[in-house]
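Here the sequence shown is numbered in the numbering used here, starting from 1449 and rising by one per residue. Note that CB positions come from ideal geometry on N, CA and C, so glycine has one too. Please read the structure below before turning to the comments.
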Amino acid sequence: MKERVSEFPDRPTIRRGEEPRAQISIESPTAFPKKRSRGGRGLGRLIVFGFIAYWLYHSGLLEHIPEQAVEVYEQVVETWRSADLPFPKTERPPVSSKPQPPRSIPRKIETAIPRTEVPVVVKPQPIRATKEGTSLEVSIGVGFRPVGFKIGAVSQNVPFSGRPGSLHRRLPRFKGPGQKYGSLDLANGRRHAFVLDTDPQGYQLYVDLNRNGDLTDDGAPLVNRGKGRFANVLKLPLDRASGITQLQGDMELWIYTNDQSWRQDALRFYNRTQLAGQLQINGKRYAAYLADNRVIDGNYLNDGISIDVNGDGKIDRRSESLSPGDQITLDGERFSFTVVR
1449 MKERVSEFPD RPTIRRGEEP RAQISIESPT AFPKKRSRGG RGLGRLIVFG FIAYWLYHSG
1509 LLEHIPEQAV EVYEQVVETW RSADLPFPKT ERPPVSSKPQ PPRSIPRKIE TAIPRTEVPV
1569 VVKPQPIRAT KEGTSLEVSI GVGFRPVGFK IGAVSQNVPF SGRPGSLHRR LPRFKGPGQK
1629 YGSLDLANGR RHAFVLDTDP QGYQLYVDLN RNGDLTDDGA PLVNRGKGRF ANVLKLPLDR
1689 ASGITQLQGD MELWIYTNDQ SWRQDALRFY NRTQLAGQLQ INGKRYAAYL ADNRVIDGNY
1749 LNDGISIDVN GDGKIDRRSE SLSPGDQITL DGERFSFTVV R
């Protein structure tokens, strides 16, 4: 039988029917490195680590390692902050063996409760006369305080206009078929534009309280509180309306329109806030009042003074109410008064 030649010369030719012979070859150690026992290597490392730990324990170095770690950590943090870099996220800093001071617990910040400031009311002081037969100055800021409606008041007309003026820059949406325009001209150039809306459900008065020409940012309009076409109280800051900072509270203007003023195409109003004080002349005290009656503009300096001469608690407009420059006889002597701030 012809022997078949193998294509792989390193492999022996096997004939059919013959068992392959075991081939023993000696390989190089570099080709197949001999595996060492893991148990022996681990035991050696354990012995070396135990020796190093024993030496560190007896030398005292283990006690200083936490302190040094904390110092290194603090130096790294300080360097990081000085470089203006974002602080790295860490779980927690190394724990030091030194006793740490007790950590302060953040307290809840308490919000101060806003307190309502009580208006400072000027205490009336007696006005003393220093000269006889001359004009005496009466200071509102020193001896008078605001009171209610004490003596009779005089009303004044405010003419209407059928269309907006220069003070009516922005208007609200009206409900009535027609509107009446005008302005309340007070002292110190303070002008408050207003619009009376003839709403069939009830007349309403829009007032420019902040005097910015916008009648939509002053709150709700005044509604009718009277029995006629319209009547209500308009409140303005007393110190601003009068120009006297010592006076606190509101100046109340009663605004109304009736059939008579409606035919005159006008609105009417008067000042219900009056000032009360005391005068001391020649050892005698007199109750005195300042009312915005003659020139109704919120200015109490140009309306004269009323003095309760007989002490009955009332003011007689004919004998006890003085216009600016008028004189009055008190205990046989003539006096005139000039009202100042």
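Residue i, DSSP secondary structure in three states
i, result
"Q1712", "coil"
"L1657", "coil"
"V1743", "coil"
"L1494", "helix"
"A1668", "coil"
"I1763", "coil"
Proximal residues to residue i (C-beta, below 6 Å), its chain only, five neighbours per side dropped
i, result
"F1785", "L1584, V1586, I1753"
"I1553", "Note on I1553: pLDDT 46, under 50, position unreliable in the model; the coordinate value appears next. Answer for I1553: no residue qualifies."
"D1687", "T1693, L1695"
"T1705", "R1677, F1678, L1715"
Euclidean distance between Cα positions of residue i and residue j
i, j, result
"F1717", "H1640", "13 Å"
"R1782", "F1678", "45 Å"
"Q1652", "P1612", "16 Å"
"Q1775", "T1582", "9 Å"
"R1711", "D1662", "29 Å"
"I1619", "T1777", "In the sequence as displayed, the identity of residue 1619 is Leu instead of Ile. Whole-angstrom Cα-Cα distance: 54 Å."
"V1681", "D1707", "19 Å"
"K1762", "Q1726", "14 Å"
"V1590", "D1645", "42 Å"
"R1765", "W1702", "21 Å"
Neighbourhood of residue i by C-beta distance below 7 Å, restricted to the same chain and skipping five residues each side
i, result
"R1617", "G1661, D1662"
"E1768", "S1754, I1755, D1756, V1757"
"I1599", "Q1722, Y1737, A1739, S1754, I1763"
Identity of the residues DSSP links to residue i by a beta bridge
i, result
"R1720", "Bridge partners of R1720: none, in fact."
"A1736", "G1725, I1755"
"F1785", "L1584"
"S1771", "S1771 pairs with nothing; no bridge assigned."
"L1778", "E1781"
"R1704", "According to the sequence provided, residue 1704 is Tyr. The question's Arg does not apply to it. Looking at the DSSP assignment, Y1704 forms a beta bridge with A1679, R1716."
Proximal residues to residue i (C-beta, below 8 Å), its chain only, five neighbours per side dropped
i, result
"D1779", "I1729, N1730, K1732"
"Q1604", "R1716, F1717, Y1718, I1744"
Complete alpha helix (DSSP H) runs within the region 1671-1702 (minimum length 4 residues, chain order): 1686-1690
Sequence ranges, beta strand (DSSP E) only - wholly within the region 1577-1662, length at least 3: 1583-1587, 1592-1595, 1604-1607, 1627-1633, 1639-1645, 1652-1655
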